[in-house]
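Reviewing the structure listed below.
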Amino acid sequence: MTAAEDLLIHVDDIRAGYVPGVDILQGCSLELAPGELVGIIGPNGAGKSTLLKALFGLISISEGSVNFRDEDITGMTAHELVSRGIGYVPQTQNVFPSLSISENLEMGVYLKPKMFKPRLDFVCEMFPRLAERLNQRAGSLSGGERQMLAMGRALMSEPQVLLLDEPSAGLSPVLQDQVFVRTKQINATGVAVVMVEQNAARCLQICDRGYVLDQGRNAYTDSGRNLLSDPKVIELYLGTLAKKG
Ligand SMILES: Nc1ncnc2c1ncn2[C@@H]1O[C@H](COP(=O)(O)OP(=O)(O)OP(=O)(O)O)[C@@H](O)[C@H]1O
Ligand SMILES: [Mg+2]
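Residue numbering for the sequence shown follows my numbering, starting at 1 and increasing by one per position.
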């Protein structure tokens, strides 16, 4: 276990929701060490997206705290967090359909326009398919290409942490696999990743550690490998997918 002062992100027992007095997260905690890939799984409505939104300053946290490196970032706005090195890819509506790929990527680096060229090179190397279509409108991309663009846009600001909300949702099995491979590759460049996933078994296979959320609370936390073989986690959250191995 990493000592608290060495963590990149430390979410400590937060309560948060969309309406005052109605907490969706009812005491959620999460730790992310530098360079780590952490997965979050759990049933629909468990609060997985809500946790990422709270982390990224999109909803207010009523109790508990979020620390990034040694700073308390609880209550900071999304753009303050981007400038500190956090990138976020929402579950839906994560590209600007009327803008081109290149313009979408430019939006990802609006705080530091001088970084555009070097970051564009990085993103194009990671996603060659985007490089071939820089002037194409994002609205005309396939689901898989759109997801690559959303991830690429978040990478433009050179984040130390990338928060991904269900990047493989709605994609064919082959494209889902590509998302997991790319996420691993991005992580291998030193970017720590928090990944929420509906493809729970695949997510636990690639992550260093996993969290199972249920009804706004942490249900299980362990290495991806241990969660994958935990009979209770299999029975309650993985079902037949995991049994197939
Ligand atoms: N904008 C919103 N306003 C009010 N309630 C919301 C809003 N978004 C989500 N909720 C509620 O918060 C709870 C948790 O939703 P959340 O989207 O975090 O779940 P999730 O674990 O990401 O589920 P899924 O796997 O379906 O994406 C749900 O009961 C949902 O109805
Ligand atoms: Mg969700």
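In this text, a Cβ means the ideal position worked out from N, Cα and C, and glycines have one as well.
Using a 10 Å radius around the Cβ and a threshold of 16 neighbouring Cβ atoms, would you call residue i buried or exposed?
| i | result |
| --- | --- |
| Leu-111 | exposed |
| His-10 | buried |
| Glu-235 | exposed |
| Ala-54 | buried |
| Tyr-18 | exposed |
| Asp-23 | buried |
| Gly-42 | buried |
| Gly-108 | buried |
| Ala-3 | exposed |
| Pro-128 | exposed |
| Pro-167 | buried |
Quick one: residues in its chain with C-beta nearer than 7 Å to the C-beta of residue i, no 5 flanking neighbours on either side, listed in chain order?
| i | result |
| --- | --- |
| Asp-165 | Ser-49, Leu-52, Val-89, Pro-90, Gln-91 and Val-196 |
| Glu-248 | No answer is possible for residue 248: the residues shown for the chain start at 1 and end at 245. |
| Leu-171 | Gly-143, Gly-144, Gln-147 and Val-179 |
| Val-233 | Val-212, Tyr-220 and Leu-227 |
| Gly-190 | Gly-35 |
| Asp-246 | This structure leaves residue 246 out entirely; the chain is present only between 1 and 245. |
| Ser-102 | Leu-134 and Asn-135 |
Closer than 8 Å to a non-hydrogen atom of ligand 1 - does that hold for the CB of residue i?
| i | result |
| --- | --- |
| Asn-226 | no |
| Ser-157 | no |
| Asn-104 | no |
| Leu-46 | Here the sequence assigns Ala to residue 46, which means Leu is not the residue at that position. Yes - ligand 1 has a heavy atom lying nearer than 8 Å to the Cβ of Ala-46. |
| Leu-51 | yes |
| Leu-204 | no |
| Ile-14 | no |
| Pro-20 | no |
Given 8 Å as the limit, tell me if residue i has its C-beta closer than that to any heavy atom belonging to ligand 2.
| i | result |
| --- | --- |
| Asp-165 | yes |
| Gln-91 | yes |
| Val-196 | yes |
| Ser-140 | no |
Using a Cβ-Cβ cut-off of 8 Å (strictly less than) and excluding sequence neighbours within five positions of residue i, which residues of its own chain qualify?
| i | result |
| --- | --- |
| Gly-224 | Gly-39, Cys-203, Leu-204, Gln-205, Ile-206, Cys-207, Asp-208, Arg-209 and Gly-210 |
From the DSSP secondary-structure annotation, give me the bridge partner or partners of residue i.
| i | result |
| --- | --- |
| Glu-63 | Arg-15 |
| Val-196 | Ile-40 and Asp-165 |
| Ile-9 | Leu-32 and Phe-68 |
| Ile-86 | Val-161 |
| Gln-26 | Arg-15 |
Sufficient close CB pairs (3 or more, under 8 Å) joining the region 56 to 71 to the region 94 to 106: no
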